């Protein structure tokens, strides 16, 4: 199992590359504050790396969810749609956004690993 | 690029100590929220009491026997008729009847105390000095901090420090000694709840804030909760819901212009834009501020276009959020007047999709002032 991170504070976790899991980081949920709404992509839709695949909104702001690496949406988290605060309480676990079938593993490989992401946060 | 230097209020270190998330606002580094988060702080204020640092706002006093009449030359509000110890809401207008800023005015024993928006205070002070500086003394009070204690239990919390303050009624004020500091306390605020605003010497502000936060009813709240609370209360945010392009009549603030200052009144007109505003009272306005409630659970924020069923533009949203108390999307918008009737259904455009909203009376959450 490998978890990688984007500049936009998404994480993507590959247990199985038929269905990599995508969510927002602990830092992202903290910066947003109380999350009250998510817009999730349609299952079956494909997105290129970096394209907007969803939206997360807190009381005070809205932010785009970018596709960490190109692929097709295979599942979305209906529990998160019903209770968006899951993304605050458990951003790396039950607060996941969608699962994606990656079409280009090279894109995944070039994303940051945990220590790289932490050092990016430390510099910001 | 150099970062602009941000001012700090006297409570800055206390905010950091409380774990606040800080943000630049109107040239100040201010707390958005504390570790509890905006929703918890919002609910704290609606259910008990919350303490806000509003020291970034401008406090200015006007001194001299002609100060009230002089101020009436800049605002369409009855200041001459304001009794000592009473407070009134008002706004500075421009020659087009647009709103330069909104403010609170209190007549004290020996002066008029004005509280203006942080982002506008330099402009306001220059406006006052230029236009009425020859008729009264315009005296800014940067050495005073301002704390807002808001919520249904604000009075019982404050009573332990100032037993007399609970005798104040909504929109009145007086001098009280809090922890040996001479404070000017008004029973007012901008949350829709009962509460107080306390003007305190800056040097005593931290001690007073700590003493208030030590009361079991009170928790700290930041600008995030202040915004959701005022929006639920239907109160305008300058720069969003009112500005130089909106008149008081369009903004639905005609109630703040007393009869004595309207056409036919004893002191009618005499302020910038009076002709425009009086004409609008008579003939109505093309666009006006309304409240909207979302019929789907999608937040609609400022800037969102409002359209009719055929997609024709009717106006736009000026403030909006998912309301923490009522748990539905609420917004303020300017709409063409023929679409502004209560219960009229319109559509908000959010990310190229349309969501139904209904024109609704404001406030969205009932005011609970202590009159």
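Chains as they are written, first to last, in the working numbering: chain A, 48 to 171; chain B, 777 to 1147. All residues carry an ideal CB built from backbone N, CA and C; glycine is no exception. All values derive from a computational prediction rather than experimental measurement.
Cβ closer than 9 Å: which chain A residues qualify as neighbours of residue i?
{"i": "residue 1004 of chain B", "result": "106, 107"}
Determine, using beta carbons only, whether residue i comes closer than 9 Å to chain B.
{"i": "residue 89 of chain A", "result": "no"}
{"i": "residue 102 of chain A", "result": "yes"}
Identify the contact partners of residue i in chain B, using a Cβ-Cβ distance below 7 Å as the criterion.
{"i": "residue 83 of chain A", "result": "1075, 1098"}
Please say whether residue j and residue i have beta carbons closer to each other than 9 Å?
{"i": "residue 1074 of chain B", "j": "residue 1082 of chain B", "result": "no"}
{"i": "residue 1106 of chain B", "j": "residue 1065 of chain B", "result": "no"}
{"i": "residue 854 of chain B", "j": "residue 991 of chain B", "result": "no"}
{"i": "residue 904 of chain B", "j": "residue 858 of chain B", "result": "no"}
{"i": "residue 941 of chain B", "j": "residue 957 of chain B", "result": "no"}
{"i": "residue 1150 of chain B", "j": "residue 1032 of chain B", "result": "It is not possible to answer for residue 1150 of chain B, since the shown part of chain B is limited to 777 through 1147."}
{"i": "residue 813 of chain B", "j": "residue 140 of chain A", "result": "no"}
{"i": "residue 817 of chain B", "j": "residue 928 of chain B", "result": "no"}
{"i": "residue 1039 of chain B", "j": "residue 1045 of chain B", "result": "yes"}
{"i": "residue 879 of chain B", "j": "residue 890 of chain B", "result": "yes"}
{"i": "residue 104 of chain A", "j": "residue 131 of chain A", "result": "yes"}
{"i": "residue 1096 of chain B", "j": "residue 1007 of chain B", "result": "yes"}
{"i": "residue 1069 of chain B", "j": "residue 1140 of chain B", "result": "yes"}
{"i": "residue 901 of chain B", "j": "residue 843 of chain B", "result": "no"}
{"i": "residue 810 of chain B", "j": "residue 896 of chain B", "result": "no"}
{"i": "residue 1058 of chain B", "j": "residue 962 of chain B", "result": "no"}
{"i": "residue 983 of chain B", "j": "residue 911 of chain B", "result": "no"}
{"i": "residue 1115 of chain B", "j": "residue 1091 of chain B", "result": "yes"}
{"i": "residue 85 of chain A", "j": "residue 101 of chain A", "result": "yes"}
{"i": "residue 787 of chain B", "j": "residue 981 of chain B", "result": "yes"}
{"i": "residue 985 of chain B", "j": "residue 894 of chain B", "result": "no"}
{"i": "residue 114 of chain A", "j": "residue 125 of chain A", "result": "no"}
Counting only Cβ pairs nearer than 9 Å, list the residues of chain B close to residue i.
{"i": "residue 80 of chain A", "result": "797, 808, 809, 813, 814, 815, 1000"}
Is residue i close to chain A? Criterion is C-beta to C-beta, closer than 9 Å.
{"i": "residue 1051 of chain B", "result": "no"}
{"i": "residue 1120 of chain B", "result": "no"}
{"i": "residue 818 of chain B", "result": "yes"}
Can you list the residues of chain A that residue i reaches, using a CB-CB cut of under 8 Å?
{"i": "residue 1127 of chain B", "result": "86, 102"}
Could you name the residues of the same chain whose beta carbon sits closer than 7 Å to that of residue i, not counting the 5 residues immediately before and after it, in chain order?
{"i": "residue 785 of chain B", "result": "804, 829, 831, 832, 921"}
{"i": "residue 154 of chain A", "result": "96, 116, 117"}
{"i": "residue 1009 of chain B", "result": "967, 968, 1139, 1141, 1143"}
{"i": "residue 1061 of chain B", "result": "1025, 1026, 1113"}
{"i": "residue 1016 of chain B", "result": "1078, 1094, 1095"}
{"i": "residue 1063 of chain B", "result": "1026, 1091, 1110, 1111, 1112, 1113"}
{"i": "residue 800 of chain B", "result": "782"}
Between which residues of its own chain and residue i is the CB-CB distance below 6 Å, once the five residues before and five after are set aside?
{"i": "residue 68 of chain A", "result": "60, 143, 146"}
{"i": "residue 1124 of chain B", "result": "1076, 1080, 1082, 1131, 1133"}
{"i": "residue 926 of chain B", "result": "821, 826, 965, 967, 969, 971"}
{"i": "residue 873 of chain B", "result": "1023, 1049, 1052, 1053"}
{"i": "residue 119 of chain A", "result": "93, 148"}
{"i": "residue 794 of chain B", "result": "810, 996"}
{"i": "residue 110 of chain A", "result": "103"}
Which residues does DSSP pair with residue i in a beta bridge?
{"i": "residue 1106 of chain B", "result": "B:1069, B:1097"}
{"i": "residue 805 of chain B", "result": "B:800"}
{"i": "residue 1006 of chain B", "result": "None, per the DSSP bridge assignment."}
{"i": "residue 86 of chain A", "result": "A:102"}
{"i": "residue 52 of chain A", "result": "A:58, A:159"}
{"i": "residue 1063 of chain B", "result": "B:1112"}
{"i": "residue 1132 of chain B", "result": "B:1123"}
{"i": "residue 916 of chain B", "result": "B:836"}
{"i": "residue 71 of chain A", "result": "A:57"}
{"i": "residue 962 of chain B", "result": "B:949, B:973"}
{"i": "residue 880 of chain B", "result": "B:865, B:891"}
{"i": "residue 1081 of chain B", "result": "B:1092"}
{"i": "residue 119 of chain A", "result": "A:93, A:148"}
{"i": "residue 994 of chain B", "result": "B:825"}
Identify, in the order they occur along the chain, each residue of the same chain with its Cβ nearer than 8 Å to the Cβ of residue i, setting aside the five sequence neighbours on each side.
{"i": "residue 798 of chain B", "result": "791, 792, 805, 806, 807, 808"}
{"i": "residue 987 of chain B", "result": "937, 954, 955"}
With 9 Å set as the bound, which would you pick, yes or no: does the beta-carbon of residue i sit closer than that to a beta-carbon of chain C?
{"i": "residue 1037 of chain B", "result": "Among the protein chains in the structure shown, which are A and B, there is no chain C."}
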